[in-house]
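Numbering (the working numbering), first residue to last: 1 to 272. Built from N, CA and C at the ideal position, the CB exists for glycine as well. Just so you know, these numbers come straight off a predicted model, no measurement behind them. Following: one structure in structure tokens, then a few remarks.
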DNA sequence: ATGTCCCGGATGCCGGGA
């Protein structure tokens with residue numbers, strides 16, 4: 001029996017799963033990802049469309065919240081095996097922003113990092129505190145002998161090469177040096193930023209705001225990231241952004257962002 | 001400051017968040 005050579009792992013900030021379920025289902029059918037992390041569900045647990053996703057062939061776990069935030073993990077033909085709900089070290093944090101599970105043999109941490117605007121202010125402080133908690137938790141994952149991915153909307157523009165024009169965004173929380181420093185510190189644990197690894201210095205964006213036809217003009221930001229631990233990075237084949245999804249009617253302001261990974265145990269492809 | 005879109009309250013728009 002033929003087996004697929006690769007797994008596709010995607011992250012997608014859906015910006016309201018209630019308003020965009022048809023678009024989500026259409027993308028799942030077309031792109032056929034094996035693993036999906038969703039952010040900004042903007043739906044309560046009860047409103048999560050588990051039945052529709054199951055009908056589409058996906059098992060799911062989710063952590064909803066009224067109006068804001070909310071994350072989910074999907075597995076094609078399987079139900080994710082949950083390993084963590086929320087980051088450790090702050091029981092007072094009730095925002096639904098982190099969900100972790102084993103899916104198709106990969107430990108996937110799906111995250112929706114706080115936006116942090118306006119800065120300075122309490123929201124920015126919360127963002128930095130959240131990043132430091134993520135750093136501590138990621139340190140327990142990076143060197144595991146298992147494949148691990150941290151994926152989601154990081155709300156971090158890592159460098160000025162990751163935005164169409166940084167000048168108008170200089171005071172934005174997504175570009176602040178402290179935030180970039182925390183992201184760099186995280187990568188330095190040993191994580192591979194998959195989009196950058198595959199595309200080098202090429203301009204590549206994952207988010208285009210709703211203003212001034214920025215999507216059509218490709219004036220975007222790269223803020224959705226897929227970080228792979230060394231075990232998983234060794235299996236990286238390709239990475240990309242499904243930008244056409246962003247150009248459709250009633251689109252989310254983010255596009256699905258994905259990697260393909262050699263199946264565990266698969267032999268390295270050789271040139272004919 | 002602006003631009004646009006989603007969500008929820010108790011709307012026939014507004015505030016909050018992004």
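Straight-line spacing of the CA atoms in residue 200 and residue 124 works out to 30 angstroms. DSSP, read as helix, strand or coil, puts residue 78 in coil. Unbroken beta strand (DSSP E) runs of no fewer than 3 residues, entirely contained in the stretch 25-56, are found at 35-39, following chain order.
Within its own chain, the residues whose Cβ lies closer than 7 angstroms to the Cβ of residue 157, once the five positions on either side in sequence are excluded, are 163, 174, 175, 221, 222, 223, listed in chain order. With 16 or more other Cβ atoms from the protein chains shown falling within 10 Å of its own Cβ, residue 62 counts as buried. Looking at the DSSP output, residue 103 bridges to 106.
Spanning the alpha carbons of residue 219 and residue 253 requires a straight line of approximately 12 angstroms. Around residue 189, the same chain offers 138, 139, 142 as residues with beta carbons nearer than 7 angstroms, after the five sequence neighbours per side are excluded.
Taken in chain order, the complete beta strand (DSSP E) segments of 3 or more residues contained in the stretch 121-162 are 148-153. Within a 10 Å sphere around the beta-carbon of residue 146 sit fewer than 16 other beta-carbons, which makes this residue exposed. In the three-state scheme derived from DSSP, where H, G and I count as helix and E and B as strand, residue 173 is classed as helix. Excluding residues up to 5 positions away in sequence, 60, 74 lie with their Cβ nearer than 7 angstroms to the Cβ of residue 53 in the same chain. Using a Cβ distance threshold of 9 angstroms, residue 8 and residue 260 count as a contacting pair. Under DSSP, residue 260 takes part in a beta bridge, and its partners are 8, 238. Non-local beta-carbon contacts of residue 154 in its own chain, meaning distances under 8 angstroms to residues more than five positions away in sequence, involve 111, 113, 183, 223, 224, 225 in chain order.
Of the residues 46, 55, 10, the one whose Cα lies closest to the Cα of residue 22 is 55. Per DSSP, the beta bridge partners of residue 193 are 227.
Sequence-distant Cβ neighbours of residue 237 in its own chain, meaning closer than 7 angstroms and more than five residues away, are 6, 260, 261, 262.
Per DSSP, reduced to three states, the secondary structure at residue 98 is strand.
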